[in-house]
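See structure below.
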Amino acid sequence: MKRLLHENDGEVPYDRAVDELVAEIDIAESTAKQYVADSMVAEKEKRAGADDMVVPSDHLADAFDGDSDELVAEDAGAATTETFGSLPVLEDTGHPEVPRHANTGYIRRRMSQDDESELHKKTDVDVVTAALADDDFSTLLIGKHGIGKDALLEHIAARTNRPMVRLVANDDPDFVDLLVGTYQPTEDGGFEYEEGLLTTALRHGYMFVLDEFNALSGKVQTMLNKILEDADSSEIVIPETNQVIEPHDEFIFAATMNPNEVGYGGREMLDAATSSRFYPVRLPPLSEDAERRVIEMETPFDRDDPAIDTLLRDDGGVVTGIRSLKRMGKTSTWISTRDVVQVARMADRLGSFEAAAEMVLVGRADPEDRQDIKQHISSQNW
Numbered sequence: 002m003k004r005l006l007h008e009n010d011g012e013v014p015y016d017r018a019v020d021e022l023v024a025e026i027d028i029a030e031s032t033a034k035q036y037v038a039d040s041m042v043a044e045k046e047k048r049a050g051a052d053d054m055v056v057p058s059d060h061l062a063d064a065f066d067g068d069s070d071e072l073v074a075e076d077a078g079a080a081t082t083e084t085f086g087s088l089p090v091l092e093d094t095g096h097p098e099v100p101r102h103a104n105t106g107y108i109r110r111r112m113s114q115d116d117e118s119e120l121h122k123k124t125d126v127d128v129v130t131a132a133l134a135d136d137d138f139s140t141l142l143i144g145k146h147g148i149g150k151d152a153l154l155e156h157i158a159a160r161t162n163r164p165m166v167r168l169v170a171n172d173d174p175d176f177v178d179l180l181v182g183t184y185q186p187t188e189d190g191g192f193e194y195e196e197g198l199l200t201t202a203l204r205h206g207y208m209f210v211l212d213e214f215n216a217l218s219g220k221v222q223t224m225l226n227k228i229l230e231d232a233d234s235s236e237i238v239i240p241e242t243n244q245v246i247e248p249h250d251e252f253i254f255a256a257t258m259n260p261n262e263v264g265y266g267g268r269e270m271l272d273a274a275t276s277s278r279f280y281p282v283r284l285p286p287l288s289e290d291a292e293r294r295v296i297e298m299e300t301p302f303d304r305d306d307p308a309i310d311t312l313l314r315d316d317g318g319v320v321t322g323i324r325s326l327k328r329m330g331k332t333s334t335w336i337s338t339r340d341v342v343q344v345a346r347m348a349d350r351l352g353s354f355e356a357a358a359e360m361v362l363v364g365r366a367d368p369e370d371r372q373d374i375k376q377h378i379s380s381q382n383w
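Note that this note's numbering gives residue 349 to position 348 of the sequence shown, counting from 1, and the numbers run on in steps of one.
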């Protein structure tokens with residue numbers, strides 16, 4: 002980190018600061034973003050695009066002090082009478098694990114694209130806070146990559162002052178230890194219990210988010226079922242460690258996953274017992290107008306810029322056309338809002354939207370789709 006600061010003469014690009022935090026001290030990206038977003042300079046420059054977002058070196062150095070990669074085991078605040086959507090807002094105790102960087106700037110979406118549907122009247126915040134507020138069930142957000150599942154949960158956690166921890170599921174044999182803890186050897190030859198991320202969240206009232214939930218093996222899903230079943234009890238016994246935990250009243254378990262479809266390999270089907278413990282919330286893509294607003298917030302371009310219109314317009318825009326090919330079954334590549342943001346940011350760097358679209362969209366496409374997508378991009382009137 003000292004090398005990074007020295008090489009940049011007292012200031013570090015925002016994106017690079019986040020990347021270095023994640024890589025060097027092995028913390029979650031959301032936590033790294035929080036440290037960087039604490040800089041008033043970074044916040045002030047945020048709308049100007051990643052190249053112009055800089056963090057003074059003295060502030061960045063402060064972010065590296067201490068054991069920043071360790072989860073802070075402090076209780077969440079008590080519930081207040083205020084609500085955000087349907088979810089109670091907690092007392093703001095200054096808890097360091099609250100994702101405050103996500104407090105503003107989130108763009109809500111309608112939960113149905115069918116104007117005649119009752120669900121069309123509800124936003125994602127309405128629906129997800131209602132699900133999270135039910136102590137008897139957990140919440141499962143289902144949607145394609147880059148659609149904003151984690152951003153939504155971070156926004157809700159920030160607005161309700163809830164400490165949050167995220168973990169990406171995998172089938173590694175040590176994953177259970179990461180969840181529930183394990184006994185570690187001590188210097189005197191004994192063993193000491195080291196609590197896991199899930200058990201810390203249970204004990205202290207965090208929102209625990211498990212990404213890629215359907216990447217878990219059936220065995221781990223079964224273990225989680227038992228823990229979640231007892232989460233509203235006065236005590237939970239973790240069978241893997243025999244630890245007894247008193248669950249905090251504000252503990253929330255939420256999970257996210259991509260749909261089980263072509264393009265998302267290595268996913269387990271959820272069994273009926275697991276599925277029935279969750280409210281399933283399928284997040285639709287953002288509307289064209291919402292994506293334009295995201296572009297305006299996260300890149301240097303205005304939502305009405307002609308090049309943005311070429312990307313997103315309903316009648317044959319680049320992204321709209323590629324998504325139509327996917328819906329018609331002609332290609333298998335999905336273009337996410339995250340991809341659109343990357344195109345706009347790269348266009349600012351390269352000075353060409355066409356080059357940026359080819360680099361990002363063709364580069365990310367499935368091999369069999371690349372020629373069709375490249376041809377679609379080249380056919381536009383840039």
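All C-beta atoms in this analysis are idealised placements derived from N, C-alpha and C, irrespective of residue type, glycine included. Since the structure is predicted, the reported quantities are computational estimates derived from the model, not experimental observations.
Start and end residues, beta strand (DSSP E) containing residue i
{"i": "Gln-185", "result": "182 to 186"}
{"i": "Glu-236", "result": "Note, Glu-236: premise wrong, no beta strand (DSSP E); not H, not E."}
{"i": "Asp-212", "result": "208 to 212"}
{"i": "Thr-84", "result": "80 to 85"}
{"i": "Val-1", "result": "Missing from the structure shown is residue 1; the chain here goes from 2 to 383 and no further."}
{"i": "Arg-167", "result": "165 to 169"}
Three-state secondary structure assigned by DSSP to residue i
{"i": "Pro-307", "result": "helix"}
{"i": "Leu-91", "result": "strand"}
{"i": "Asp-127", "result": "helix"}
{"i": "Asp-290", "result": "helix"}
{"i": "Met-270", "result": "coil"}
{"i": "Val-73", "result": "coil"}
{"i": "Thr-257", "result": "strand"}
{"i": "Phe-192", "result": "strand"}
{"i": "Asp-135", "result": "coil"}
{"i": "Gln-244", "result": "strand"}
{"i": "Thr-140", "result": "strand"}
{"i": "Met-112", "result": "coil"}
{"i": "Arg-328", "result": "helix"}
{"i": "Arg-101", "result": "helix"}
{"i": "Arg-365", "result": "helix"}
{"i": "Glu-119", "result": "helix"}
{"i": "Ser-276", "result": "helix"}
C-alpha gap between residue i and residue j, whole angstroms
{"i": "Asn-171", "j": "Val-210", "result": "14 Å"}
{"i": "Arg-371", "j": "Gly-322", "result": "14 Å"}
{"i": "Glu-251", "j": "Met-224", "result": "21 Å"}
{"i": "Phe-176", "j": "Ala-216", "result": "12 Å"}
{"i": "Leu-203", "j": "Arg-328", "result": "41 Å"}
{"i": "Leu-91", "j": "Tyr-207", "result": "11 Å"}
{"i": "Thr-260", "j": "Ile-336", "result": "The amino acid occupying residue 260 in the given sequence is Pro; Thr does not appear at that position. Spanning the two alpha carbons is a distance of roughly 15 Å."}
{"i": "Ser-379", "j": "Leu-142", "result": "36 Å"}
{"i": "Pro-186", "j": "Pro-174", "result": "19 Å"}
{"i": "Asn-226", "j": "Asp-305", "result": "48 Å"}
{"i": "Asp-68", "j": "Glu-195", "result": "Caution is warranted here: a pLDDT of 38 is assigned to Asp-68, below 50, making its placement in the model unreliable, and the coordinate value is therefore given only provisionally. When rounded, the distance between both Cα atoms is 16 Å."}
{"i": "Pro-240", "j": "Thr-105", "result": "40 Å"}
{"i": "Ile-374", "j": "Gly-330", "result": "14 Å"}
Cβ-Cβ distance between residue i and residue j below 9 Å
{"i": "Val-295", "j": "Ile-108", "result": "yes"}
{"i": "Asp-303", "j": "Ile-309", "result": "yes"}
{"i": "Thr-84", "j": "Ala-255", "result": "no"}
{"i": "Ala-103", "j": "Ala-159", "result": "yes"}
{"i": "Val-282", "j": "Val-169", "result": "no"}
{"i": "Glu-369", "j": "Thr-338", "result": "no"}
{"i": "Asp-178", "j": "Gly-197", "result": "yes"}
{"i": "Ile-237", "j": "Ile-246", "result": "yes"}
{"i": "Thr-275", "j": "Glu-213", "result": "no"}
{"i": "Ile-148", "j": "Leu-313", "result": "no"}
{"i": "Phe-279", "j": "Thr-311", "result": "no"}
{"i": "Gln-381", "j": "Val-342", "result": "no"}
{"i": "Lys-135", "j": "Leu-153", "result": "Residue 135 is actually Asp in this sequence, not Lys. No, these two residues do not count as a Cβ contact at 9 Å."}
{"i": "Thr-300", "j": "Ala-358", "result": "no"}
{"i": "Leu-120", "j": "Leu-88", "result": "no"}
{"i": "Thr-82", "j": "Val-181", "result": "no"}
Nearest candidate by alpha-carbon position, reference residue i, set the options
{"i": "Met-347", "options": "Thr-223, Ile-336, Met-360, Pro-97", "result": "Met-360"}
{"i": "Glu-193", "options": "Thr-201, Thr-200, Leu-199, Tyr-184", "result": "Tyr-184"}
{"i": "Ala-74", "options": "Met-112, Asp-137, Asp-136, Leu-199", "result": "Leu-199"}
{"i": "Ala-356", "options": "Gly-144, Val-99, Asn-243, Gln-376", "result": "Gln-376"}
{"i": "Pro-286", "options": "Asp-189, Gln-114, Glu-230", "result": "Gln-114"}
{"i": "His-205", "options": "Val-341, Arg-163, Ile-239", "result": "Arg-163"}
{"i": "Gly-219", "options": "Leu-120, Leu-271, Gly-86", "result": "Leu-271"}
{"i": "Pro-248", "options": "Ala-358, Thr-201, Thr-105, Pro-240", "result": "Thr-201"}
{"i": "Arg-110", "options": "Asp-340, Lys-122, Leu-88", "result": "Lys-122"}
{"i": "Ala-366", "options": "Arg-324, Leu-351, Trp-383, Asp-349", "result": "Arg-324"}
{"i": "Glu-297", "options": "Asp-349, Leu-326, Gly-95", "result": "Asp-349"}
{"i": "Arg-101", "options": "Val-363, Val-181, Met-165, Asp-305", "result": "Met-165"}
{"i": "Asp-116", "options": "Thr-130, Ser-288, Asp-151", "result": "Ser-288"}
Bounding residues of the alpha helix (DSSP H) (the contiguous stretch that carries residue i)
{"i": "Leu-229", "result": "219 to 230"}
{"i": "Ile-378", "result": "371 to 379"}
{"i": "Arg-160", "result": "150 to 160"}
{"i": "Val-1", "result": "No answer is possible for residue 1: the residues shown for the chain start at 2 and end at 383."}
{"i": "Thr-200", "result": "198 to 205"}
{"i": "Glu-355", "result": "354 to 358"}
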